[in-house]
Amino acid sequence: MTRVPERKKSWWLNCCSCCSSTRGEDVEEYTRAPGDRPSGGERNAGGDIASGGHRDGSGDRPGRDGDRPGTTLDDLPAVTPGGPLQVQKVDLLQSRTGENRRSHHTDEYECEDLIVRRGQPFQICVTFQKEFSKNDQICILLQQGNGQAITLPLVKEFDEGNWGCQLAEASGQNVIFWVNTSAQAPVGKYQLSVKSSGGICSDAKLKVYILFNPWCRLDSVFLDNEAWKQEYVLNEIGRIYYGTEHQIGERSWNYGQFDKGVLDAVMFILDRSGIAPGSRGDPITVSRVISAMVNSMDDNGVVAGSWSGEYADGVNPVSWVGSVDILLRYHQSGCSVKYGQCWVFAAVTTTVLRCLGIPGRTVTNFASAHDTDGNLIFDVYFDENMKPIEDKNSDSVWNYHCWNDCWMRRPDLPSGYDGWQAIDATPQETSNGIYCCGPCPLLAIKNGLVNIKYDCGFIFAEVNSDKVFYQRQPNGKFKKVHVEERAVGHCISTKAVGSNAREDITYLYKHPEGSAAEREAVHTAAKYGNKPLAEVDTDDSCDVSLTIESQDGFNMGSDINVRILLKNGSSGQRSVSLSMAVAVMFYNGVCKESFKNETCNATLSPGETKAVGMMIPYSEYRAQLVDQAAMMLTVSGIVKESGQKLAKQHTFRIRTPDLVIKVHGNPVVGQQIVAEIIFQNPLQTTLHNACFHVEGPGIQRPKIVQVGDIGPLKTVSITERFTPRRAGLRQLVASLESNEMSQVHGVTEVMVREN
């Protein structure tokens, strides 16, 4: 393949289709005018490397050292016989194993069309009816849908980051051209045509997909870290974290952004969103549109959410193990896929981001507040007897909540806000009338700058709002009786780069708990809320402290034991009256009616710590559990001597068993291999209507295997045969669903060799 030509740098970096649709004779060479400021597109969030990129991460692209093309226009004859120049054939050189696809990091896409990344040249081969001459007129046309065609004139030297085509090599009637796309080009599917003096050659097969380019320093999503690009753009398998901060679970997810049909499904999402073609080059706009389109609210988007526990007309959200099946169903039917919850919305969003070339990752926030009234505080209301007032408690704390980070520059904001941006596709609250959220710079969230675009206040409340307990007084007004400043925003997690470990990124979202900087961020954010922190009186007497302890994990089928610790920090004796209530909860913080209630009294000497135990038998909670097998213990009380009010809520989950997956034989591309999936029922009851969901990028397309009922303590094993399609380290992911148990997962790695 011919070396890339050296390109002439230009100040004209923010070009669009309207300003670059020029004829060859109109093109001028621009240099930055003295004193001109760099455009927003030149602001660099991650350093400078060359626009291209190789697998070794060096960032050097052929020709950056001044290599010249194999043939220049000056090498060609002035005129050749044969009449007007006519195009006989155009070869896009789109083979997945060819240099175009490999150098653009698109060779993994299971699509036979040409897929390139913007701002980086690619080659095409054009066959004419006669030998090409230097005076022949030719240009390349790229058209997206029914929009205006972008004209790429033949030039001697590229303007860096702009549209153009350049001669690479000529051999008789066959000519290879370099084609360069703008680093701000709208992403999408284009029709390529070649125009010559003899007419226009257009063929429906000449399709080119143009994607964002994290390897191009002029692209707004440029990322100057090869390991990060491998993880956040090219990795097809992820880990999603769930549970509680004390009992963190993980599940594998097949993002499958390169699987057959996924790229077209993503393009269908963009088309259906109605986003203008000219806006498709802006990752800020595109990511915001994605956060709206992945949920079904407003726009019949990809996934319909449900937290009802009833999924008979769809798929239980915990049963999905990847995004591929969801996206293909949506593309084929045009209807929202039932059903999803936060991790499904976030995982599908990660797939869409990575498929388009925007670096993205799935993030889990444990103890995540949902602020419904915009006061940036999580409010809990009790009556005169310290019993929760359910119809007034509209705010909630989710056991965990998943959203996304995506990487981009923010030229629309003051300097300093480039880098990771949070977006959230779960439909919780509207933003400008639409169920979408973000992108919002993590730095703004961390510092409580809730006026920074977009939706910073809502995300800030999720990770750093105070949990305030109010008690109704005899006059009907509410008094603040307790504040938990560390109640939300714990163990914010994502999959680590290059490994399956969990990385804690809480430090990116908030200052250390209790630090002066963290308190300042809370007070800064509160200035913009609708209820200032100092508005409500508080009772400062707190001589008795209350904490709740539970073991790291309770296995499904076992009894649950928790301890409430009371510590007397005063110099006198204290008498405490406690009320304890246990309720099964959905992971989004919504609780069913409590099924176990107890009261007790405790007397503490000065400085004494006393434990109060509570046991919840399996027989009592078995029939109560919902999808996530989570519960909440609410403890409230009063200290007789001081009148101090005590309140604490503690969530915990029941652990489900894992699937065991074994692959037999030596996996080779194109050769069938066998996998065994094993599950043991840990319960003394039958699991009804059990089925497995199985898939893996490059090795197994999404599949559901029905196994029927599984008896008490019985083991079931299924054998699956699959034929790997792509070489390399792959993963096979599976889940099990039944009427009585879900949230059962398994994963295994599969090293596939070339045939």
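In UniProt numbering, the protein residues as written are 1 to 755.
Just so you know, even glycine gets a beta-carbon here, dropped at the ideal spot from N, CA and C.
Would K446 pass as a contact of D412 if the rule is Cβ separation under 8 Å?
no
Does A675 come out as helix, strand or coil in the three-state DSSP assignment?
strand
When the Cα of I358 is compared with those of W320, V266, V707, which residue comes out closest?
V266
Grab me the residues of F132's own chain with a C-beta within less than 6 Å of its C-beta, minus the 5 sequence neighbours each way, in chain order.
A170, V175
Tell me the DSSP secondary structure of W307 in three-state form.
coil
Bounding residues of the beta strand (DSSP E) (the contiguous stretch that carries A461)
From DSSP, A461 is part of no beta strand (DSSP E) but of the alpha helix (DSSP H) over 456-464.
State the CB to CB distance for the pair N681 and I710, rounded to an integer number of angstroms; the pair is presumed to be in contact (CB under 8 Å).
5 Å
With 16 other CB atoms within 10 Å as the buried threshold, where does D383 fall?
exposed
Cβ shell of R574 (< 8 Å), same chain only, five flanking positions each side left out
D543, V544, N568, T603, L604, V639, K640, E641, S642
Tell me whether L206 is buried or exposed, calling it buried when 16 or more other Cβ atoms sit within 10 Å of its Cβ.
buried
Would you mind working out which of T244, G82, M580, N213 sits nearest L353, comparing C-alpha positions?
N213
Is H688 near S735, with beta carbons less than 8 Å apart?
no
Backbone secondary structure at E620 - three-state DSSP:
helix
Residue ranges of each beta strand (DSSP E) within the segment 158-190, 3 or longer:
164-171, 174-180
Would you kindly work out how many angstroms separate the C-alpha atoms of A149 and V344, rounded to a whole number?
37 Å
For K229 and residue 758, the rounded distance between their alpha carbons
Residue numbering for the chain in the displayed model covers 1 to 755; residue 758 lies beyond these limits and cannot be assessed.
If F652 and F554 are in contact, beta carbons under 8 Å, what's the gap, nearest whole angstrom?
7 Å
Rank V744, E737, H745, A727 by C-alpha distance to the C-alpha of T97 and give the top, closest one.
A727
Between T151, I505, L449, which has its C-alpha nearest A526's C-alpha?
L449
Does the separation of the CB atoms of N597 and A611 fall below 8 Å?
no
Please confirm whether I138 and S196 have their CB atoms less than 8 Å apart.
yes
Backbone CA spacing between W407 and T350 [nearest angstrom]
12 Å
Any idea if K703 is buried or exposed, counting beta-carbon neighbours within 10 angstroms, 16 or more meaning buried?
exposed
Drop a sphere of 10 angstroms on the beta-carbon of S252, count the other beta-carbons inside from all chains shown, and report buried for 16 or more, exposed for fewer.
buried
Rounded to the nearest angstrom, how far is the Cβ of N404 from that of G360, given a contact under 8 Å?
6 Å
Here's the rule: buried if 16 or more other CB atoms are within 10 angstroms of the residue's CB, otherwise exposed. What is N365?
buried
Anticipated Cβ contact below 8 Å, C440 with C456, distance rounded
5 Å
Can you tell which of E737, L92, L167, I248 has the C-alpha that lies nearest to the C-alpha of I492?
I248
Would you kindly report the start and end of the unbroken alpha helix (DSSP H) that includes F222?
Unbroken run through F222: none, as it is neither H nor E.
Checking the sheet assignment: what are the DSSP bridge partners for A369?
V397
Determine, using beta carbons only, whether G438 and A461 come nearer to each other than 8 Å.
no
Sequence-distant residues of the same chain with beta carbon closer than 6 Å to W186, five excluded per side:
Note on identity: in this sequence residue 186 is Pro, with Trp being the wrong assignment. Closer than 6 Å at Cβ, skipping near neighbours: P277, R280, G281.
Exposed or buried, V118, counting other C-beta atoms within 10 Å across all chains shown (16 or more means buried)?
It should be noted that the sequence gives Arg, not Val, for residue 118. Counting Cβ neighbours within 10 Å, R118 comes out buried, since at least 16 surround it.
Count the other CB atoms, across all protein chains shown, that sit within 10 Å of the CB of V674; report buried if there are 16 or more and exposed otherwise.
exposed
Based on Cα-Cα distance, which residue from M741, R701, V744, S558 lies nearest to R730?
R701
Is the Cβ-Cβ distance between V179 and F122 less than 8 Å?
yes
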